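Comments concern the structure below.
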Amino acid sequence: MKKNYWKAAALGGSIFSLAVLNVPTVFAANSSMMGVGNINQLNQNFVVSSTVDPTNGDNNPYAVVVDNRPGSTTYGEIFVSNFSNKAGTNGAGTTIERIVAGKPVPFVTNANGPAAMAFSPKGPLWIANFGQNGTDGNVQVTKPNGTSFGQGGWITNPVLKGPWGQAFAPAYTTSNGSTVPAAFFATGAQNGTVVAMFGFSPPDFQTTTHFIVLGSGLAKSGWGANNIEGPQGMAYDTMTHTLYVTDTADNSIRAFQWNGTASKNQGMGKLVYQNGLLNKPAGLTIDPVNGDLLVVNQGNNDLIQLRILPNGKAQPVAKVVLDKTPVNPKTGAGSALFGIAASKDASGNLVVYYTDDNSNTVNELDYQPSIQITGKMQMMMQVNQQTVETPYVYQTQAMNMGKSEWYVPVYYLQQALHAMNFSSTWNGSTLNISTSSQMSSMMSKDIPSSLGDPLTSATLMVNGTYAGIVRKMVENDPYTGKPTTYVCLSDLTSVLDNAGISLQLSNDSLNLSMSH
């Protein structure tokens with residue numbers, strides 16, 4: 008959380024910008040065919056809505072969730088919790104906002120310093136209420152429409168002190184046929200615990216909910232809403248039945264296994280990642296495109312992407328600055344980030360939602376393609392005026408109304424090169440053409456420090472020598488129906504001409520020949 012006022016009161020605005028930093032980047036296999044899943048490729052960052060409650064002025068947005076429940080009347084909508092009241096008292100907020108048409112609409116009005124939230128697939132919203140002092144907090148369950156279950160909707164237990172994080176796990180069947188029940192998880196920031204709650208049944212969640220301590224002894228410091236630090240963000244991986252937990256007190260992410268009633272207290276859990284790019288890690292979610300962990304830092308307003316390796320450890324993938332406001336390391340002034348959620352757009356690309364305490368807003372970080380396809384045609388690909396292949400090519404238009412471009416498939420280009428007695432290799436990002444040594448001597452020996460965005464550009468090499476960069480895109484080949492890489496013809500013409508290969512476009516034919 009925040010030292011002194013590691014608070015995020017709405018005092019002035021923040022600078023909204025997307026700043027991609029130079030971090031070693033690791034890309035998932037076939038990532039260009041899965042949709043954009045790397046945060047470095049997300050090129051649009053904007054405010055979705057204010058989060059200030061329109062009735063009582065609650066502010067300081069913490070948790071953010073997206074309703075992904077199939078059939079829900081609020082499917083796809085964003086929900087945000089307000090941790091502070093109008094006066095700026097941390098932990099005194101009482102409202103959950105539903106974002107409708109770019110504006111906050113009160114959804115829950117009787118929360119108690121709501122720090123985290125998670126939806127049940129059956130409808131209820133579970134809220135981790137920290138309150139002002141932590142020990143006066145609880146886990147609150149609301150009806151699907153945001154109204155109260157009454158007294159039975161408030162869950163308290165001595166093992167859970169200072170509820171600070173929240174996540175949901177659906178039921179699953181083990182390999183031996185036994186059923187592991189659905190569960191809600193919460194962190195206790197004041198006693199360093201991770202707790203699983205299961206067996207619950209409406210309307211009396213208080214008496215039907217069973218508790219298992221999954222983790223204990225986690226790092227913690229402070230006590231009240233103004234200075235608490237400890238286990239916080241939570242994300243559950245349904246594929247591995249692993250619960251990931253961030254801890255601001257020791258800059259770590261730890262993993263715990265959920266095995267139902269067979270689950271044991273796993274102490275501090277398995278250390279997944281610590282320090283490095285983490286700086287008071289808060290909200291945590293899982294990238295729905297590739298399974299990476301996405302975490303926001305309170306200490307520097309960064310969004311970090313981590314990839315889980317086979318050994319269970321995490322490797323940094325990318326880093327993006329979400330709010331450029333400097334953060335005071337002693338007071339926390341300028342700290343903006345707390346909550347994060349992720350989903351996919353209609354094209355399968357990653358969409359990130361995050362709360363910004365500096366401006367009292369919920370923001371969206373997503374991907375917008377820079378070009379659109381405007382047509383396609385079948386083209387004769389020729390070598391010395393003799394037709395070798397007849398692939399389909401695509402015509403594109405830049406989204407900013409730039410000039411029209413043709414894109415040709417790499418595979419059929421390679422067939423034409425083969426007809427010229429040149430061999431070539433393609434690995435998804437680099438096309439290496441093997442020609443005579445005389446041709447490679449005309450190439451530049453200087454490889455630029457940045458070879459472009461691997462999602463939208465490809466590198467051309469001649470005999471292993473750098474030749475240039477060409478734009479690329481992935482589209483379905485009309486012949487096979489399978490994703491195929493296409494490269495920009497004008498870029499290709501310029502680069503290959505320097506290598507002594509001429510490309511001439513004439514109506515519905517593209518002719519390759521030697522130019523030197």
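Sequential numbering from 8 applies to the sequence shown in the working numbering. Heads up, the beta-carbon is just placed ideally off N, CA and C, and yes, glycines get one too. None of these values were measured; they are calculated from a predicted model.
Leaving out the 5 sequence neighbours to the left and right, which residues in its chain are closer than 8 Å to residue i when beta-carbon positions are compared?
{"i": "Tyr82", "result": "Asp74, Asn75 and Arg76"}
{"i": "Ala496", "result": "What sits at residue 496 in the sequence shown is Leu, not Ala. So the list reads Val400, Glu412, Trp413, Tyr414, Val415, Leu510, Leu512 and Leu517, once near-sequence residues are dropped."}
{"i": "Ala321", "result": "Ile260, Val279, Tyr280, Leu300, Leu313, Arg314 and Ile315"}
{"i": "Gly224", "result": "Gly199, Gly274 and Met275"}
{"i": "Glu84", "result": "Val73, Asp74, Arg105, Ile106 and Val107"}
For residue i, which residues from the same chain have a beta carbon less than 6 Å from its beta carbon, with the 5 sequence-adjacent residues on both sides left out?
{"i": "Met246", "result": "none"}
{"i": "Gly382", "result": "Gln402"}
{"i": "Ala529", "result": "Since the displayed the chain opens at 8 and closes at 523, residue 529 lies outside it and no answer follows."}
{"i": "Gly195", "result": "Leu167, Lys168 and Gly169"}
{"i": "Gly229", "result": "Ile235 and Glu236"}
{"i": "Ala405", "result": "Ile378"}
So, using beta-carbon positions, are residue i and residue j closer together than 8 Å?
{"i": "Ser516", "j": "Gln389", "result": "yes"}
{"i": "Ile527", "j": "Val369", "result": "Residue numbering for the chain in the displayed model covers 8 to 523; residue 527 lies beyond these limits and cannot be assessed."}
{"i": "Gly240", "j": "Thr253", "result": "yes"}
{"i": "Ala232", "j": "Phe137", "result": "yes"}
{"i": "Asn308", "j": "Val334", "result": "yes"}
{"i": "Gly319", "j": "Lys277", "result": "yes"}
{"i": "Asp65", "j": "Gly95", "result": "no"}
{"i": "Lys479", "j": "Val494", "result": "yes"}
{"i": "Asn356", "j": "Gly341", "result": "no"}
{"i": "Asn258", "j": "Gln273", "result": "no"}
{"i": "Leu420", "j": "Ile46", "result": "no"}
{"i": "Val395", "j": "Ile440", "result": "no"}
{"i": "Asp363", "j": "Leu344", "result": "yes"}
{"i": "Leu250", "j": "Phe263", "result": "yes"}
{"i": "Asn505", "j": "Ala465", "result": "no"}
{"i": "Ser208", "j": "Thr200", "result": "no"}
{"i": "Lys110", "j": "Ser56", "result": "yes"}
{"i": "Asn164", "j": "Phe126", "result": "no"}
{"i": "Gln375", "j": "Asn50", "result": "yes"}
{"i": "Gly159", "j": "Pro113", "result": "no"}
Using a threshold of 7 Å, is the CB atom of residue i nearer than that to any non-hydrogen atom of the ligand COA?
{"i": "Ser79", "result": "No copy of the ligand COA appears in this structure; indeed no ligand is present at all."}
Looking at the structure shown, is residue i part of a helix, part of a strand, or coil, going by DSSP?
{"i": "His7", "result": "For the chain, the structure presents residues 8 to 523; residue 7 sits outside this window and is missing."}
{"i": "Ile454", "result": "Note that Ile454 scores 43 on pLDDT, short of 50, meaning its location in the model is unreliable; the coordinates nonetheless yield the value given after this. Note: Ile454 maps to coil in three-state DSSP."}
{"i": "Val469", "result": "strand"}
{"i": "Ala232", "result": "coil"}
{"i": "Asp504", "result": "helix"}
{"i": "Asp498", "result": "helix"}
{"i": "Phe212", "result": "helix"}
{"i": "Ala193", "result": "strand"}
{"i": "Ser516", "result": "strand"}
{"i": "Ala36", "result": "Residue confidence is low: Ala36 scores 30 on pLDDT, short of 50, so the model does not pin down where it sits. Its coordinate-derived value is still stated next. DSSP places Ala36 in coil when its eight states are reduced to three."}
{"i": "Thr432", "result": "strand"}
{"i": "Met521", "result": "strand"}
{"i": "Ala203", "result": "strand"}
{"i": "Ala423", "result": "helix"}
{"i": "Gln147", "result": "strand"}
{"i": "Lys326", "result": "strand"}
{"i": "Tyr486", "result": "coil"}
{"i": "Ala353", "result": "coil"}
{"i": "Val166", "result": "coil"}
{"i": "Gln392", "result": "coil"}
{"i": "Thr154", "result": "coil"}
{"i": "Val417", "result": "helix"}
{"i": "Gly19", "result": "Note that Gly19 scores 28 on pLDDT, short of 50, meaning its location in the model is unreliable; the coordinates nonetheless yield the value given after this. Gly19 falls in the coil class under three-state DSSP."}
{"i": "Leu174", "result": "Strictly speaking, residue 174 in this sequence is Ala, with Leu absent from that position. Residue state, collapsed to three classes: strand."}
{"i": "Ala343", "result": "coil"}
{"i": "Asn47", "result": "helix"}
{"i": "Thr181", "result": "coil"}
Considering only the alpha carbon of each residue, which of the options lies closest to residue i?
{"i": "Ile378", "options": "Lys410, Ala353 and Val187", "result": "Lys410"}
{"i": "Lys351", "options": "Gln375, Met384, Thr215 and Val296", "result": "Val296"}
{"i": "Val59", "options": "Pro177, Ala405 and Val87", "result": "Val87"}
{"i": "Lys271", "options": "Gly306, Gln213, Ala203 and Asp211", "result": "Ala203"}
{"i": "Leu438", "options": "Phe156, Tyr418, Asn514 and Ala426", "result": "Tyr418"}
{"i": "Lys129", "options": "Asn152, Ser185, Thr116 and Ala242", "result": "Asn152"}
{"i": "Leu499", "options": "Leu467, Pro490, Thr491 and Tyr486", "result": "Leu467"}
{"i": "Phe429", "options": "Met521, Ser155 and Gln147", "result": "Met521"}
{"i": "Gly44", "options": "Pro238, Val358, Gly224 and Gln305", "result": "Val358"}
{"i": "Asn483", "options": "Thr491, Val477 and Ile476", "result": "Thr491"}
{"i": "Ser61", "options": "Asn304, Asn52, Thr116 and Met387", "result": "Note that residue 61 is Pro in the sequence shown here, rather than Ser. It is Thr116 whose Cα lies nearest to the Cα of Pro61."}
{"i": "Gly157", "options": "Thr186, Ser185 and Phe212", "result": "Phe212"}
Spatial neighbours of residue i within its chain, please: CB distance less than 7 Å, with the 5 preceding and 5 following residues excluded, ordered by chain position.
{"i": "Ala190", "result": "Ala176, Ala203, Met204, Phe205 and Trp265"}
{"i": "Ala242", "result": "Ala174, Tyr251, Leu291, Thr292, Ile293 and Leu300"}
{"i": "Ser155", "result": "Asn117 and Thr149"}
If contact is defined by three or more beta carbon pairs under 8 Å, each pair taking one atom from either stretch, is the stretch 104-124 in contact with the stretch 163-180?
yes
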